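Peer 1:
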Amino acid sequence: MKKFFGSKYFSHIKLQTLFNSGNRGKKMKLKLFLLIITAYFLILSAGCTVQEDSAIQTPTPTVVQTEIITEGYTDVSPSKAKEMISDEKVVVVDVSPVWSSGHLPGAINMPLSAINDEIKYLSSDNDYLIYCHSDSASIEGAETFVNNGFTPVYRLDGNYRAWTDAGYPVEYPKYINVTAEDAKSMMETDSRLVIVDVSPLYDQGHIPGSISIPLSDIETKIQMQDKSAHYLIYCHSDSASIEGAETFMNSGFNPVYRLEGNFKAWTDAGYPVEI
1 MKKFFGSKYF SHIKLQTLFN SGNRGKKMKL KLFLLIITAY FLILSAGCTV
51 QEDSAIQTPT PTVVQTEIIT EGYTDVSPSK AKEMISDEKV VVVDVSPVWS
101 SGHLPGAINM PLSAINDEIK YLSSDNDYLI YCHSDSASIE GAETFVNNGF
151 TPVYRLDGNY RAWTDAGYPV EYPKYINVTA EDAKSMMETD SRLVIVDVSP
201 LYDQGHIPGS ISIPLSDIET KIQMQDKSAH YLIYCHSDSA SIEGAETFMN
251 SGFNPVYRLE GNFKAWTDAG YPVEI
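Per full-length UniProt numbering: the sequence shown = residues 1 to 275.
#1: Can the beta-carbon of Lys221 be found less than 9 Å from the beta-carbon of Leu122?
#2: Compute the minimum distance between the beta carbon of Ile176 and the heavy atoms of the ligand SAH, and state whether it is under 8 Å.
#3: So, for Asn109: in the same chain, excluding its five sequence neighbours on each side, which residues have a beta-carbon less than 6 Å away from its beta-carbon?
#4: On the criterion of 16 or more Cβ atoms from any shown chain inside 10 Å, does Gly209 qualify as buried, or is it exposed?
#5: Hey, which unbroken runs of the alpha helix (DSSP H) at 4 residues or more fall wholly within the UniProt domain "Rhodanese" (189 to 275)?
#6: My output table needs one value for Glu52: the three-state DSSP class, helix, strand or coil.
#7: Going by other Cβ atoms of all chains shown within 10 Å of its Cβ, with 16 needed for buried, is Glu67 buried or exposed?
#8: Taking the Cβ atom as the reference point for each residue, do Tyr168 and Lys80 lie within a distance shorter than 9 Å?
#9: Please classify Ala166 as buried or exposed, where buried requires at least 16 neighbouring CB atoms within 10 angstroms.
#10: State the Cα-Cα distance for the pair Met187 and His236, rounded to the nearest angstrom.
#11: Rounding to the nearest angstrom, what Cα-Cα distance links Asn147 and Val153 in this structure?
#12: What's the C-alpha gap between Asp75 and Glu118?
#13: With 16 as the cutoff for other CB atoms within 10 Å, does Leu259 come out buried or exposed?
#14: CB-CB under 6 Å to Asp203, same chain, minus the five flanking residues each way: which ones, in chain order?
#15: Start and end of the beta strand (DSSP E) containing Ile115?
#16: Between which residues of its own chain and Ala137 is the CB-CB distance below 7 Å, once the five residues before and five after are set aside?
#17: In this structure, does DSSP put Tyr160 in helix, strand or coil?
#18: By alpha-carbon positions, which one of Asp190, Asn250, Phe263, Arg155 ends up nearest to Asp127?
#19: DSSP state of Asn177, grouped into three classes?
#20: Mind reading off the beta-carbon distance from Ser241 to Asn254? Whole number of angstroms is fine, and I expect it under 8 Å.
#21: I need the boundaries of the beta strand (DSSP E) containing Asp135, first residue and last residue.
#22: Which term fits Thr151, buried or exposed, when burial requires 16 or more other beta carbons within 10 angstroms of its beta carbon?
#23: Return the bridge partner residues of Ile108 from the DSSP annotation.
#24: Is Asp182 helix, strand or coil when you go by DSSP?
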């Protein structure tokens, strides 16, 4: 029994234990190795997936603007508008159909119904202040000026009502009579002055620099004139020059002047003529 339970038996048990222990170590090492390999491939696979997802990601489409966003005009208060008008820094444009019932001082009339036909004859060298009797109309007017390339463009905030509520003056359509001396002075100082001979005798002699718009053609030719300019009308008789001045005035031009004494007053003053 001692031999059986002696060193040989003990040695066998010990060897078996060592063998099993070695196997367990190998198994643990194998498991660890497999875990490392698995983790490596999982990381590699995840990296590939991210790259593939990144590669196939659909770019955000560019948004194409289909609407015209109109900007470029500035709203101004009545007090600021009054300051600009006093400094003669703007051409004031009334886009309403009731200009003749009262308008801002110096305002020309370009109603929305005619604005697209008349705006193309305006000088782009000027600043423009637009107003009406409602926001929708004055906004449309200001946007039309901006869309036609005019800058700067201003809009009277509150429109005509805001102007009158502030107690500022208004005027009504009228032409202004001037003497030959006044007319000559205006020619020398007013760069925006246009002199209009409404007679059929233009080719026989006229004031230097004047243009010919005879009364027989005035209704047609007046539509092609720059409303931002200042107009001096004359003829060879009072009745004709008055009719010409009134036609300009009633068409929304402002200011309109009429030469008192007409062409004869000019020549009697000894001023030169052109032929």
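All residues carry an ideal CB built from backbone N, CA and C; glycine is no exception. Treat the numbers as computed from the prediction; the structure is a model and nothing was measured.
Peer 2: On the basis of the supplied data:
#1: As a working mapping, residue 221 is identified with position 221 in the sequence shown. As a working mapping, residue 122 is identified with position 122 in the sequence shown. Cβ atoms of Lys221 and Leu122: not closer than 9 Å.
#2: In the structure shown, the ligand SAH is absent, as is every other ligand, since no ligand is present at all.
#3: The residue labelled residue 109 in the question sits at position 109 within the sequence shown. Closer than 6 Å at Cβ, skipping near neighbours: Asp94, Trp99, Gly252.
#4: As a working mapping, residue 209 is identified with position 209 in the sequence shown. Classification for Gly209: exposed.
#5: As far as the UniProt domain "Rhodanese" (189 to 275) is concerned, its whole alpha helix (DSSP H) runs of at least 4 residues are 218 to 221, 238 to 250, 262 to 268.
#6: Position 52 of the sequence shown, counted from the first residue, corresponds to residue 52. Since pLDDT at Glu52 reaches only 40, below the 50 mark, its modelled position is unreliable, and no value is offered.
#7: For the purposes of this step, residue 67 is identified with residue 67 of the sequence shown, where counting begins at 1. At Glu67 the pLDDT is 36, less than 50, meaning the model places this residue with poor confidence; the figure from the coordinates comes in the next sentence. Of the residues assessed, Glu67 falls on the exposed side of the cut-off, its CB having fewer than 16 other CB atoms within 10 angstroms.
#8: For the purposes of this step, residue 168 is identified with residue 168 of the sequence shown, where counting begins at 1. For the purposes of this step, residue 80 is identified with residue 80 of the sequence shown, where counting begins at 1. Contact: no.
#9: Sequence index remark: in the sequence shown, residue 166 carries index 166 (1-based). Per the 10 Å Cβ criterion, exposed.
#10: Indexing the sequence shown from 1 puts residue 187 at position 187. Indexing the sequence shown from 1 puts residue 236 at position 236. Going by the C-alpha atoms only, they are around 19 Å apart.
#11: The sequence position of residue 147 within the sequence shown is 147, counting from 1. The sequence position of residue 153 within the sequence shown is 153, counting from 1. CA-CA distance, Asn147 to Val153, rounds to 11 Å.
#12: Within the sequence shown, numbered from 1, the residue matching residue 75 stands at position 75. Within the sequence shown, numbered from 1, the residue matching residue 118 stands at position 118. Taking the straight line from one Cα to the other gives about 23 Å.
#13: Locating residue 259 in the sequence shown gives position 259, counting from the first residue. Here Leu259 is buried, its C-beta having at least 16 other C-beta atoms within 10 Å.
#14: One-based indexing of the sequence shown puts residue 203 at position 203. Cβ within range, chain order: n/a, list empty.
#15: For the purposes of this step, residue 115 is taken as residue 115 along the sequence shown, with counting starting at 1. For Ile115, there is no enclosing beta strand (DSSP E); the residue is found in the alpha helix (DSSP H) stretching over 115 to 118.
#16: Here residue 137 refers to the residue found at position 137 of the sequence shown. Contacts found: Val95, Ser96, Leu112.
#17: Sequence index remark: in the sequence shown, residue 160 carries index 160 (1-based). Three-state DSSP puts Tyr160 in a helix.
#18: For the purposes of this step, residue 127 is taken as the residue at position 127 of the sequence shown. Among Asp190, Asn250, Phe263, Arg155, the Cα nearest to that of Asp127 belongs to Arg155.
#19: One-based indexing of the sequence shown puts residue 177 at position 177. If DSSP states are grouped into helix, strand and coil, Asn177 belongs with the strands.
#20: Residue numbering aside, residue 241 sits at position 241 when the sequence shown is read from its first letter. Residue numbering aside, residue 254 sits at position 254 when the sequence shown is read from its first letter. With 8 Å as the limit, Ser241 and Asn254 do not qualify as a contact, their Cβ atoms being about 18 Å apart.
#21: Your numbering for residue 135 matches position 135 in the sequence shown. Following the DSSP letters along the chain, one finds Asp135 in no beta strand (DSSP E) but inside the alpha helix (DSSP H) bounded by residues 135 to 147.
#22: Your numbering for residue 151 matches position 151 in the sequence shown. Counting other Cβ atoms within 10 Å of its Cβ, Thr151 stays below 16 and is therefore classed as exposed.
#23: Indexing the sequence shown from 1 puts residue 108 at position 108. Ile108 pairs with Val93.
#24: As a first step, residue 182 must be located in the sequence shown, where it is residue number 182. Shown here, Asp182 sits in a helix according to DSSP, grouped into three states.
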